[in-house]
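Residue numbers (the working numbering): 297 to 878. Even glycine gets a Cβ: it sits at the ideal position worked out from N, Cα and C. What follows is a short report on a single structure.
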Ligand SMILES: Nc1nc2c(c(=O)[nH]1)N[C@H]1C(S)=C(S)[C@@H](COP(=O)(O)OP(=O)(O)OC[C@H]3O[C@@H](n4cnc5c(=O)[nH]c(N)nc54)[C@H](O)[C@@H]3O)O[C@H]1N2
Ligand SMILES: Nc1nc2c(c(=O)[nH]1)N[C@H]1C(S)=C(S)[C@@H](COP(=O)(O)OP(=O)(O)OC[C@H]3O[C@@H](n4cnc5c(=O)[nH]c(N)nc54)[C@H](O)[C@@H]3O)O[C@H]1N2
Ligand code: SF4
Ligand SMILES: [Mo]
């Protein structure tokens, strides 16, 4: 049986079986995949890929494409070259190209478009974000789903949720919210205050885990001072959640095994790191970090503790969500579609138009490939050697080359050819890189490869902070004016696309109260830009929210050109938008 691992940016990292007919199926024996794949891989071959390299709009051979790139790189000042890698494929070998560009002296990016703000907060409190796998969640009594949309983005968690009490905290009535025992249809950006309110009442109800807090935590008194120092009415007002509902949540979790599954929804804000820190602090107050069937999961760090073969050693100077492409003579864009995925599309467009030579290295045509001077087609995950870690569970997935194809080039081969052309030392073979990652970082569990650092109860022994203790949070900045007129513009995922890959959806979802109907057009604006969208009425939305799906061609026209206070993360939902409704 030919098996591999789904390369996509997803919690689940499914184990994929390649049939003799070329069809992809989920491995029935894999403990997470359990025999099913989602829309993306079930339809993988239907999506047209780029077959030939193109230079200035004309098809060329791969040799000519690489020649053109080498020529440009040799002529350019290295710091005027930008290396920009997205998350189209999360295999370990994807980063091999960075090795070449780092040696060459190109500018590298830091921060990112996804979980960076939240991860910063988690690392402040716990030192590292260890995965909370479905294997742990299945032993919980209650699961709190906090700004994560499992049925769409993390469907292989669903079996672990069966039979559990579910509490969903989400401004939209998602599929999982409809099945929840409690749904807090929270106002966007209010989660930090809800975490504080929950902590305050839990403490009043003496739900804190005294022993855990005393032995394994720091800063608890300051945390409680901060919380008790904030008037209760302010916490209720700021969270927008009634005390009755807080009471219902706490009675449901009291004395129970509780897992909290946090998604990126809660941290697409300037103070995103503090939101995760506050949720973690609530969990630590309850002592959830050392009990079986308990814990907090996020977009976890699957490579925690791993020696990373392609880790950048040079300083990264460019902040990814607000990088100015126009400053660079050459932009090498791999596995990404910044024209739709970075915040503030008008700025991105301006930069990409200004840059002298834009290289797009990807699988599919998209808004960025349309603007590129040189297009280099990639190989699919079936056609190259790789290895995949998951940010949602402990298993490490083999990705052997299963198919020969004359189309495209792998990241490793491109790196290898470029290195040779520049006279850099020879690379190890790709099999060797993969073998080293496996032998240094993994071990076997029930016949499957898992991270060496994976444990049944994360943080049971220690936290990964300097003193090995959990650090409660005690202060945060929030200067957002929630009274400002306008709508929250939610940035969410949908089932048929993986960000901008596959079938995208350009419609603006609006609440029923706007009195619009499907097919109407609505002009939406912020301080600088405006954009007209075709509308779909969505009864799952709060009256103060609009939403756009990730990958839609105008999904980022109105998102702010800013980054989080910590972590250099994109903050798609930080600013309200206004509508022109006549
Ligand atoms: N099908 C599919 N799966 C995917 C992806 C995809 O594009 N398509 N993308 C992958 C990637 S890159 C990632 S990072 C993950 C993300 O996985 P998720 O975090 O599950 O994805 P989102 O849809 O961004 O956000 C989840 C929920 O947060 C809610 N939300 C928005 N704002 C707030 C808020 O202020 N507070 C609270 N409590 N909730 C809020 C939204 O309504 C949404 O339901 O999914 C991965 N999986
Ligand atoms: N408005 C809004 N914006 C968002 C989000 C949102 O929810 N709303 N989500 C954000 C998040 S969480 C993320 S992670 C980012 C993702 O944003 P990006 O990292 O830009 O990811 P994609 O849009 O999925 O683009 C992936 C590209 O990778 C290419 N690709 C696929 N496989 C391979 C391969 O093996 N090799 C190479 N070289 N290329 C390959 C595909 O052709 C595609 O062009 O978007 C962010 N932007
Ligand atoms: S995108 Fe996620 S759910 Fe779909 S096949 Fe890949 S790993 Fe599985
Ligand atoms: Mo992401």
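Residue span of the beta strand (DSSP E) that contains residue 841, given as start and end
As a first step, residue 841 is located in the chain shown; it is residue number 545 there, counting from the start. 841-845 is the span of the beta strand (DSSP E), which, as asked, contains residue 841.
Below 7 angstroms, is the gap between the Cβ of residue 449 and the nearest heavy atom of ligand 1?
For this step, residue 449 is matched to residue 153 along the chain shown. Set against 7 angstroms, the gap from the CB of residue 449 to the closest heavy atom of ligand 1 is smaller.
Grab me the residues of residue 814's own chain with a C-beta within less than 7 angstroms of its C-beta, minus the 5 sequence neighbours each way, in chain order.
As a first step, residue 814 must be located in the chain shown, where it is residue number 518. For residue 814, where only same-chain residues beyond five positions count, the Cβ hits under 7 angstroms are 831, 832 and 833.
Around the Cβ of residue 381, are there at least 16 other Cβ atoms within 10 angstroms (buried) or fewer (exposed)?
In the chain shown, the residue the question calls residue 381 occupies position 85. Buried.
Proximity of residue 482 and residue 493 at Cβ, strictly below 8 angstroms:
Here residue 482 corresponds to residue number 186 of the chain shown, with the count starting at 1. Here residue 493 corresponds to residue number 197 of the chain shown, with the count starting at 1. Contact flag unset, no.
Do residue 459 and residue 563 count as a contact pair if the criterion is CB distance below 8 angstroms?
Here residue 563 refers to the residue found at position 267 when the chain shown is read from its first residue. Here residue 459 refers to the residue found at position 163 when the chain shown is read from its first residue. Result no, Cβ atoms of residue 563 and residue 459 do not sit closer than 8 angstroms.
Cβ neighbours of residue 863 in the same chain (closer than 6 angstroms, five flanking residues each side left out)
Here residue 863 corresponds to residue number 567 of the chain shown, with the count starting at 1. These residues qualify, in order along the chain: 412, 413, 416 and 569.
Return yes when at least one heavy atom of ligand 3 lies under 7 angstroms from the C-beta of residue 375, else no.
On the chain shown, residue 375 is found 79 positions in, with the first residue counted as 1. Every heavy atom of ligand 3 is 7 angstroms or more from the Cβ of residue 375, so no.
Hey, residue 556 and residue 579 are a contact pair by Cβ (cut 8 angstroms); roughly how many whole angstroms apart?
Residue 556 sits at position 260 when you count from the first residue of the chain shown. Residue 579 sits at position 283 when you count from the first residue of the chain shown. Contact check for residue 556 and residue 579: beta-carbon distance about 6 angstroms, within the 8 angstroms limit, so the pair qualifies.
Does any C-beta atom of chain B lie closer than 8 angstroms to the C-beta of residue 525?
The structure shown contains no chain B, having only a single protein chain.
Rounded to the nearest angstrom, how far is the Cβ of residue 910 from that of residue 407, given a contact under 8 angstroms?
Given that the chain is displayed from residue 297 to residue 878, the structure contains no residue 910 and the question cannot be resolved.
Can you name the residues that DSSP bridges to residue 776?
Residue numbering aside, residue 776 sits at position 480 when the chain shown is read from its first letter. According to DSSP, residue 776 bridges with nothing at all.
Between the alpha carbons of residue 499 and residue 552, how many angstroms are there, rounded?
The residue labelled residue 499 in the question sits at position 203 within the chain shown. The residue labelled residue 552 in the question sits at position 256 within the chain shown. Those two C-alpha atoms are separated by around 16 angstroms.
Would you check if there are 3 or more beta carbon pairs closer than 8 angstroms linking the region 848-856 to the region 636-650?
With a cut-off of 8 angstroms, the region 636-650 and the region 848-856 count as touching, because enough Cβ pairs lie within range.
Expressed to the nearest angstrom, what Euclidean distance is found between the alpha-carbon atoms of residue 688 and residue 720?
Locating residue 688 in the chain shown gives position 392, where the first residue counts as 1. Locating residue 720 in the chain shown gives position 424, where the first residue counts as 1. Whole-angstrom Cα-Cα distance: 37 angstroms.
Does the pairing of the region 584-602 with the region 748-768 give three or more beta-carbon distances under 8 angstroms?
Output reads yes: the region 748-768 touches the region 584-602.
Nearest residue (CA-CA) to residue 868, options 710, 860 and 874
To locate residue 868, count along the chain shown from 1; it is residue 572. For residue 868, the nearest C-alpha among the options comes from 860.
Apart from the five residues just before and just after residue 796, which ones in its own chain have a Cβ nearer than 7 angstroms to its Cβ?
Position 500 of the chain shown, counted from the first residue, corresponds to residue 796. For residue 796, where only same-chain residues beyond five positions count, the Cβ hits under 7 angstroms are 633, 636, 637, 662 and 847.
According to DSSP, is residue 361 part of a helix, a strand, or is it coil?
Translated into positions along the chain shown, residue 361 becomes position 65. Residue 361: helix per DSSP, three-state reduction.
Just to confirm, are residue 303 and residue 769 a CB contact at a threshold of 8 angstroms?
Taking the chain shown and counting its residues from 1, one reaches residue 303 at position 7. Taking the chain shown and counting its residues from 1, one reaches residue 769 at position 473. In this structure, residue 303 sits away from residue 769, with a CB-CB distance that is not shorter than 8 angstroms.
Residues in its own chain within less than 6 angstroms of residue 516 by CB, not counting five upstream and five downstream?
On the chain shown, position 220 is the one that residue 516 refers to. Here the set comprises 509 and 768.
DSSP bridge partner residues for residue 403 (one or two, in chain order):
What you label residue 403 is simply residue 107 of the chain shown in a count that begins at 1. Looking at the DSSP assignment, residue 403 forms a beta bridge with 378.
Which same chain residues end up closer than 8 angstroms to residue 558 when comparing Cβ atoms and leaving out the 5 residues on each side of it in sequence?
As a working mapping, residue 558 is identified with position 262 in the chain shown. These residues qualify, in order along the chain: 414, 442, 443, 444, 572, 575, 592, 593 and 594.
Measure the alpha-carbon distance for residue 822 versus residue 788 and round it to whole angstroms.
As a first step, residue 822 is located in the chain shown; it is residue number 526 there, counting from the start. As a first step, residue 788 is located in the chain shown; it is residue number 492 there, counting from the start. Cα-Cα distance, rounded: 19 angstroms.
Just mark residue 297 as buried or exposed, buried being the case when its beta carbon has 16 or more other beta carbons within 10 Å.
Locating residue 297 in the chain shown gives position 1, counting from the first residue. Exposed: under 16 other Cβ atoms inside 10 Å.
If residue 810 and residue 877 are in contact, beta carbons under 8 angstroms, what's the gap, nearest whole angstrom?
Taking the first residue of the chain shown as position 1, residue 810 is located at position 514. Taking the first residue of the chain shown as position 1, residue 877 is located at position 581. By a beta-carbon distance limit of 8 angstroms, residue 810 contacts residue 877. Their separation comes to about 7 angstroms.
Residues bridged to residue 299 (per DSSP)
The residue given as residue 299 occupies position 3 in the chain shown. Paired residues: 313.
In DSSP terms, what residue 480 is bridged to:
Taking the chain shown and counting its residues from 1, the one referred to as residue 480 is at position 184. Residue 480 has 465 as its beta-bridge partners, per DSSP.
Does at least one heavy atom of ligand 2 sit under 7 angstroms from the Cβ of residue 560?
Stepping through the chain shown from its first residue, residue 560 is reached at position 264. Under cutoff, so the answer is yes.
Beta carbon of residue 708 nearer than 8 angstroms to that of residue 389:
On the chain shown, position 412 is the one that residue 708 refers to. On the chain shown, position 93 is the one that residue 389 refers to. Contact: yes.
Among 323, 711 and 826, which residue has its Cα nearest to the Cα of residue 452?
Position 156 of the chain shown, counted from the first residue, corresponds to residue 452. Ranking the options by Cα distance to residue 452, first place goes to 323.
Buried or exposed, going by whether 16 or more other CB atoms sit within 10 Å of the CB of residue 336?
Within the chain shown, the letter at position 40 stands for residue 336. Counting Cβ neighbours within 10 Å, residue 336 comes out buried, since at least 16 surround it.
In terms of alpha-carbon separation, which member of 542, 504 and 496 lies closest to residue 527?
On the chain shown, residue 527 is found 231 positions in, with the first residue counted as 1. Comparing Cα-Cα distances from residue 527 to each of 542, 504 and 496, the minimum goes to 496.
In angstroms with no decimal places, state the Cα-to-Cα distance between residue 659 and residue 631.
Taking the first residue of the chain shown as position 1, residue 659 is located at position 363. Taking the first residue of the chain shown as position 1, residue 631 is located at position 335. So the two alpha carbons sit approximately 8 angstroms from each other.
Whole angstroms is fine: what's the gap from residue 371's alpha carbon to residue 364's?
Here the question's residue 371 lines up with position 75 in the chain shown. Here the question's residue 364 lines up with position 68 in the chain shown. If I take the Cα positions, the gap works out to 11 angstroms.
Just to confirm, is the Cβ distance from residue 409 to residue 379 under 8 angstroms?
Along the chain shown, read from residue 1 onward, the residue named residue 409 stands at position 113. Along the chain shown, read from residue 1 onward, the residue named residue 379 stands at position 83. No, Cβ-Cβ distance for residue 409 and residue 379 is not below 8 angstroms.
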